[in-house]
Amino acid sequence: MHDARNRLTALDALRGLAALAVVLFHYLPYYQKLYGHSFNSPGFLDFGRYGVHLFFMLSGFVIFMTLERTRTSGQFALARAFRLLPALWAGIALTYLMVHWLGPEDRMVSFDAALMNLTLLHEYLGYPHVDGAYWSLVIEATFYVWIALLFYGLGDWRRIRPILWAWVLVSYAGVIWWKAIPDALDFLLKDLLFVRYAPLFISGMVIYRAYHDRRLPAIDVVLLAVSIGHCLVAYKAPFNIFVLACYGIFALAVAGHLNVLSRPSLLWLGSISYTLYLVHQNIGYGLIDLTYQAGLPGQLGVVLALAVAITLAAVLHYGIEKPALAYYRQWRAKRPTPTARTVIAAERPQE
1 MHDARNRLTA LDALRGLAAL AVVLFHYLPY YQKLYGHSFN SPGFLDFGRY
51 GVHLFFMLSG FVIFMTLERT RTSGQFALAR AFRLLPALWA GIALTYLMVH
101 WLGPEDRMVS FDAALMNLTL LHEYLGYPHV DGAYWSLVIE ATFYVWIALL
151 FYGLGDWRRI RPILWAWVLV SYAGVIWWKA IPDALDFLLK DLLFVRYAPL
201 FISGMVIYRA YHDRRLPAID VVLLAVSIGH CLVAYKAPFN IFVLACYGIF
251 ALAVAGHLNV LSRPSLLWLG SISYTLYLVH QNIGYGLIDL TYQAGLPGQL
301 GVVLALAVAI TLAAVLHYGI EKPALAYYRQ WRAKRPTPTA RTVIAAERPQ
351 E
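Its first residue numbered 1, the sequence shown is counted upward by one per residue in full-length UniProt numbering.
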């Protein structure tokens, strides 16, 4: 049990490192591309864009932990809602107000758009993101809907597996013929099925099966290999190799070989990773702009933005995210506890 906890906390540390990589990418090379810095940033920070891909792998891995603890789709929806929405709503309000105060002007959105962001349906309805990083949250929410439909609708891994195989193969076709996708299928493939990213989630799910059962049938081994191979086709070199390396790091952590990451500082960073992701980008851009307007070095602006983003993330984590989860757990504890449902152990060797 102790070893298992260390493995899972190592994944929390990876989440924190991924979040930090995304933040540094946005503040340095991406800010340079959008607005221009007065200095050059290290080229390797470009890889930070793909920290989001590690998030998607982790989401695929942990989703069954939530599913196994919830008997109905309604309970699952509530669990996800309390996990994501209170902090999201606070992050939207904070970002909307601070960007209208600090700028940048091109990052401001209308009040109507901010309201639609609260639903995470805004991108599908043509509204801009309150913060540029929210594009991945739309994909996360869509993934939750699909996996809940599969889990509670089919109820058995052997029935779910063919759907996942089809999804991965469609994802290959989608990225190979990306520019040739017909208009009639564009929304389905690029948005609803998010073919550039779906195999990241699916591979995480299969890795969880291996972690949970300590074995994988051959067909799932092949599914995992094909899902991982998708990154080599979907992303340009050398970034596809970096995503492949993320798989290796992820697998090492799950196997218990990166327990050294379970340090208090990294675990704390992992604990605030979600709220950090919510509030860092556009607020940070406003602070960096403010620093330049004051005639101060751009490096100071980056440090200021990072410090403020971490502070705001901690405030939202301790003030919104944790209390919301605690309230939900207390509410659940007062209700009858049904027998947990599982599809993970659906394929046991026959005695």
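Glycine included, C-beta positions come from ideal geometry on N, C-alpha and C. The structure presented is a predicted model; accordingly, all values stated were derived computationally and were not measured.
Alpha helix (DSSP H) containing residue i: first to last residue?
| i | result |
| --- | --- |
| Thr311 | Gly298 to Leu316 |
| Thr275 | Ser273 to Val279 |
| Phe187 | First-last for Phe187: undefined, no H or E at that position. |
| Leu148 | It should be pointed out that residue 148 corresponds to Ala in this sequence rather than to Leu. Residues Trp135 to Leu154. |
| Ala326 | Lys322 to Ala333 |
| Ala114 | Phe111 to Asn117 |
| Pro199 | Ala198 to Asp213 |
| His100 | Ser73 to Leu102 |
| Arg158 | Trp157 to Ile176 |
For residue i, does the count of other Cβ atoms within 10 angstroms reach 16, so buried, or fall short, so exposed?
| i | result |
| --- | --- |
| Ser38 | exposed |
| Met65 | exposed |
| Asn282 | buried |
| Trp157 | buried |
| Phe187 | exposed |
| Pro86 | buried |
| Tyr285 | buried |
| Met1 | For Met1, the pLDDT reaches just 41, beneath the cut-off of 50, and the residue's location in the model is therefore unreliable, although a value from the coordinates is still provided. By the neighbour-count rule (16 or more Cβ atoms within 10 Å), Met1 is not buried but exposed. |
| Glu321 | buried |
| Val130 | buried |
| His257 | exposed |
| Thr72 | exposed |
| Ala150 | With the sequence shown as reference, residue 150 is identified as Leu, and Ala is not the correct amino acid for it. Result: buried. |
| Leu164 | buried |
| Val260 | exposed |
| Gly298 | buried |
| Phe61 | buried |
| Ala21 | buried |
| Tyr96 | buried |
| residue 395 | A query on residue 395 cannot be resolved here, the shown segment of the chain reaching from 1 to 351 and no further. |
| Asn117 | buried |
| Val221 | exposed |
| Ser110 | exposed |
| Tyr35 | exposed |
| Thr311 | exposed |
| Glu140 | buried |
| Arg15 | buried |
| Arg348 | With a pLDDT of only 38 at Arg348, under 50, the local geometry of the prediction cannot be trusted, and the value read off the model is given with reservation. Under this definition Arg348 is an exposed residue. |
| Leu12 | The identity of residue 12 in the sequence shown is Asp, whereas the question assumes Leu. The residue in question, Asp12, is buried, as its Cβ has 16 or more Cβ neighbours within 10 Å. |
| Ala4 | Residue confidence is low: Ala4 scores 47 on pLDDT, short of 50, so the model does not pin down where it sits. Its coordinate-derived value is still stated next. It counts as exposed. |
| Tyr327 | exposed |
| Tyr235 | buried |
Notebook entry, point to check: Does the pairing of the segment 306-320 with the segment 47-54 give three or more beta-carbon distances under 8 Å?
Noted result: Here the segment 306-320 does not lie against the segment 47-54, with fewer than 3 beta-carbon pairs under 8 Å apart.
Next item on the list: Scan the segment 28-66 and note each continuous alpha helix (DSSP H) run of 4 residues or more that stays entirely inside, going in chain order.
Entry: Considered as a whole, the segment 28-66 harbours 31-34 as its complete alpha helix (DSSP H) runs of no fewer than 4 residues, in chain order.
Check: Hey, is the segment 205-223 in contact with the segment 11-26, meaning 3+ C-beta pairs nearer than 8 Å?
Finding: With fewer than three CB-CB distances shorter than 8 Å, the segment 205-223 does not count as touching the segment 11-26.
Notebook entry, point to check: Are the segment 194-202 and the segment 168-185 touching, with three or more C-beta to C-beta distances below 8 Å?
Noted result: Yes: the two stretches touch, three or more of their Cβ pairs being nearer than 8 Å.
Notebook entry, point to check: For the 8 Å Cβ check, are there 3 or more pairs between the segment 143-161 and the segment 112-129?
Noted result: The segment 143-161, when compared against the segment 112-129, does not touch it at the 8 Å Cβ threshold.
Notebook entry, point to check: Quick one: complete alpha helix (DSSP H) runs, 4+ long, within the segment 215-284?
Noted result: Runs found: 218-234, 239-254, 264-271 and 273-279.
Check: Does the segment 217-236 touch the segment 198-209, meaning 3 or more C-beta pairs lie closer than 8 Å?
Finding: Because the criterion of three Cβ pairs below 8 Å is met, the segment 198-209 and the segment 217-236 touch.
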